[in-house]
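Participant:
Chains as they are written, first to last, in the working numbering: chain A, 1 to 110; chain B, 111 to 225.
(1) Count the other CB atoms, across all protein chains shown, that sit within 10 Å of the CB of residue 122/B; report buried if there are 16 or more and exposed otherwise.
(2) Establish whether the CB of residue 209/B and some CB of chain A are separated by less than 8 Å.
(3) Using the Cβ count rule (16 or more neighbours within 10 Å means buried), how would you classify residue 81/A?
(4) State the Cα-Cα distance for the pair residue 186/B and residue 132/B, rounded to the nearest angstrom.
(5) May I have a chain-ordered list of the beta strand (DSSP E) segments no shorter than 3 residues that lie completely inside the stretch 13 to 82 of chain A?
(6) Decide if the stretch 129 to 145 of chain B is in contact with the stretch 182 to 196 of chain B; the criterion is three or more beta carbon pairs, one per stretch, under 8 Å apart.
(7) Between residue 39/A and the rest of its own chain, which residues show a CB-CB distance below 6 Å, the 5 nearest in sequence each way excluded?
(8) Which residues bound the beta strand (DSSP E) around residue 136/B?
(9) Applying a beta-carbon distance threshold of less than 7 Å, which residues of chain B neighbour residue 86/A?
(10) Determine the closest residue to residue 66/A out of 13/A, 5/A and 25/A, with distance taken between C-alpha atoms.
(11) How big is the Cα-Cα spacing for residue 94/A and residue 43/A?
(12) Keeping to the same chain, check which residues put their C-beta closer than 6 Å to that of residue 22/A; ignore five residues upstream and five downstream.
(13) Considering Cα atoms alone, identify which of 16/A, 99/A, 11/A and 69/A is closest to residue 78/A.
(14) Considering only residues of the same chain and omitting the five flanking positions on each side of residue 221/B, which have a CB-CB separation below 6 Å?
(15) At which residues does the beta strand (DSSP E) containing residue 105/A begin and terminate?
(16) For the candidate residues 108/A, 104/A, 109/A and 110/A, whose alpha-carbon lies nearest to that of residue 150/B?
(17) In the DSSP assignment, the beta strand (DSSP E) including residue 98/A goes from what residue to what residue?
(18) Please classify residue 56/A as buried or exposed, where buried requires at least 16 neighbouring CB atoms within 10 angstroms.
(19) Verify whether the separation of the beta carbon atoms of residue 191/B and residue 98/A is less than 8 Å.
(20) Show which residues of chain D have a CB atom less than 9 Å away from the CB atom of residue 135/B.
(21) By the 10 Å Cβ neighbour count, where 16 or more other Cβ atoms means buried, how is residue 159/B classified, buried or exposed?
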């Protein structure tokens, strides 16, 4: 599975968009990009995933560059409850090994 | 929320004793995982299962064994607990191994302390 690089921490003002970057320069053609988040000591929560095209759901948007070497998770209107650690994962097969990195600790501030 | 139950939620045990953690699901998902989470290490995969009686090692499998005799239950056993196995353990499930089209659901975790 390809490795990912994320900033260790980020701050975002409440109500503003939070843009979380992820580099995955060694991603292969069959690997998907997944985003999860973990809110203080709870189990991780799935947010969104994509292969090539940009994706949007009720929680977030995922923008994947054309070369697929990086992506950005966008929380359009961050709230205090979005404060969490966000993990970017690339995985060939969701049923196989899902390997987490260190993630980005997002702090949403009033 | 996906039906995943981890038991016990908290446990304190002594060094050298055997410990079994249970993960129970009501979703009939094929894949099940055990992770541990420690400060500074994030989530690390211990073992996973891709079907009844089918398991494989993850990143940090030494000192752990698993069993899956039924679809709904995935057991993690520490044969002889050590203080280095003090951690929070998470179970996860996912529906299938199709190429990247399903997400994993996580349990609430088991906090294990080995003294």
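Glycine residues also receive a C-beta, built at the ideal position from the N, C-alpha and C atoms. All values reported here derive from a predicted model rather than from experimental measurement.
Facilitator: For this structure:
(1) exposed
(2) The pLDDT assigned to residue 209/B is 45, lower than 50, so where the model puts this residue is not dependable; a value taken from the coordinates is nonetheless given after this. Closer than 8 Å to some Cβ of chain A, the Cβ of residue 209/B qualifies, so yes.
(3) exposed
(4) 6 Å
(5) 18 to 23, 32 to 38, 45 to 50, 61 to 64 and 70 to 75
(6) yes
(7) 84
(8) Run containing residue 136/B: none; DSSP gives neither H nor E here.
(9) Correct list: empty, because the minimum Cβ distance to chain B is about 12 Å.
(10) 25/A
(11) In this prediction, residue 94/A has a pLDDT of 47, which is less than 50 and means its spatial position is unreliable; what the coordinates show is noted afterwards. Each residue's alpha carbon lies about 17 Å from the other.
(12) 4, 6, 71 and 88
(13) 16/A
(14) 120 and 198
(15) 104 to 109
(16) 104/A
(17) Run containing residue 98/A: none; DSSP gives neither H nor E here.
(18) exposed
(19) no
(20) Given the protein chain composition of this structure (A and B), no chain D is represented.
(21) buried
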